[in-house]
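**Student:** The letter at position 125 of the sequence shown is residue 124 when you use numbering that gives the first Met the number 0, and the numbering goes up by one with no holes. Cβ atoms here follow ideal geometry from the backbone N, Cα and C, with glycine treated the same way.
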Amino acid sequence: MPLCSGTPWVTDMAATSPFTRRRWLMTGLALAGLFLVYEYTIAPRRERERQVRARIACLREETSDALKRIKGLQDLELKSAGARSELNRLDSEGPAAPPLVWVPEIVKRNFSQFGFAELKVWARNTSDEPQLPGYRRTFWCINVTMQNVPQQMSGLLLAIAQLEEKERMVRVADIAIDAGAGAPGPRTAVINISTLLRE
Numbered sequence: 000m001p002l003c004s005g006t007p008w009v010t011d012m013a014a015t016s017p018f019t020r021r022r023w024l025m026t027g028l029a030l031a032g033l034f035l036v037y038e039y040t041i042a043p044r045r046e047r048e049r050q051v052r053a054r055i056a057c058l059r060e061e062t063s064d065a066l067k068r069i070k071g072l073q074d075l076e077l078k079s080a081g082a083r084s085e086l087n088r089l090d091s092e093g094p095a096a097p098p099l100v101w102v103p104e105i106v107k108r109n110f111s112q113f114g115f116a117e118l119k120v121w122a123r124n125t126s127d128e129p130q131l132p133g134y135r136r137t138f139w140c141i142n143v144t145m146q147n148v149p150q151q152m153s154g155l156l157l158a159i160a161q162l163e164e165k166e167r168m169v170r171v172a173d174i175a176i177d178a179g180a181g182a183p184g185p186r187t188a189v190i191n192i193s194t195l196l197r198e
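Here it is as structure tokens:
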């Protein structure tokens, strides 16, 4: 079948000229060489590059997590430094006398500002503070006599709030008021507090 201007269409390699065969052979060798170059140099390099990029992504994520943990530790260190500073300040502000002497005095002075003159303060028990070596927690009981509970309730609550606010080492645990079996007359408010002090 003529291709153009009478030239026959030849598919047989034997019928082609040596020059054309050589060109086809060179083209085949070039393609085979390109395939080998791709298989043994470019493809492995791309696979290594993919693996390296995946590893870099993992390392970035691990680095980000580590930085967050470090930031959390730094925040904790700042908080603990602040707490240590506060404890040292409280230690320096505390009276030289033993707590059994000065804690009842502070409590009585505070409650007297709100009209409560009749009260008793005593230490119930003392225990070591495991998380703060060198400190002891003492539990105290305060009995306040109230002549008129409805009228004096706001004063009692204000006295308790002021005690805890002014005396940083004092924590109020609970408050209870004697019901008095419904009979009129004075009632006793029982306030349990704790103090955290250096031994």
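Measuring straight from C-alpha to C-alpha, what distance separates Cys57 and Thr40?
**Tutor:** If I take the Cα positions, the gap works out to 26 Å.
**Student:** Using DSSP bridges, identify the partner residues of Val169.
**Tutor:** According to DSSP, Val169 bridges with Thr194.
**Student:** To the nearest angstrom, how far is the alpha carbon of Val169 from that of Glu85?
**Tutor:** About 14 Å.
**Student:** Buried or exposed: Gln112, going by 16 or more other Cβ atoms within 10 Å of its Cβ?
**Tutor:** It counts as exposed.
**Student:** Looking only at its chain, what residues have a beta carbon closer than 6 Å to the beta carbon of Ala178, apart from the 5 residues adjacent to it on each side?
**Tutor:** Excluding positions up to five away in sequence, the list is empty.
**Student:** Taking Thr26 as part of the alpha helix (DSSP H), name the residues at either end of that continuous run.
**Tutor:** Where Thr26 is concerned, the enclosing alpha helix (DSSP H) stretches over 17 to 36.
**Student:** Tell me which residue opens and which closes the beta strand (DSSP E) that Asn142 is part of.
**Tutor:** Run containing Asn142: 134 to 145, per the beta strand (DSSP E) assignment.
**Student:** Arg136 and Ser193 look like a contact to me (Cβ under 8 Å); what is the Cβ gap, rounded to whole Å?
**Tutor:** About 5 Å; that satisfies the 8 Å criterion.
**Student:** Quick check on Pro1: buried or exposed, where buried means 16 or more other Cβ atoms within 10 Å of its Cβ?
**Tutor:** Confidence in Pro1 is poor, its pLDDT being 48 and thus under 50, which makes the residue's placement unreliable; the coordinate value appears in the next sentence. Exposed, because fewer than 16 other Cβ atoms sit within 10 Å of the Cβ of Pro1.
**Student:** In whole angstroms, what is the alpha-carbon distance linking Thr6 and Thr19?
**Tutor:** Confidence in Thr6 is poor, its pLDDT being 49 and thus under 50, which makes the residue's placement too unreliable to answer from.
**Student:** Report, in whole angstroms, the separation of the C-beta atoms of Val106 and Ile141, which I expect to be a contact under 8 Å.
**Tutor:** Confirmed, Cβ separation roughly 6 Å.
**Student:** Rounded to the nearest angstrom, what separates Asn199 and Lys78 at their Cα positions?
**Tutor:** Limits of the chain in this structure are 0 at one end and 198 at the other, which puts residue 199 out of reach.
**Student:** If I measure Cβ to Cβ from Phe138 and keep anything under 6 Å in the same chain, skipping five residues before and after, which residues do I get?
**Tutor:** Result list for Phe138: Arg123, Asn124, Ser193, in chain order.
**Student:** Could you check where the beta strand (DSSP E) with Leu118 kicks off and where it finishes?
**Tutor:** Run containing Leu118: 118 to 127, per the beta strand (DSSP E) assignment.
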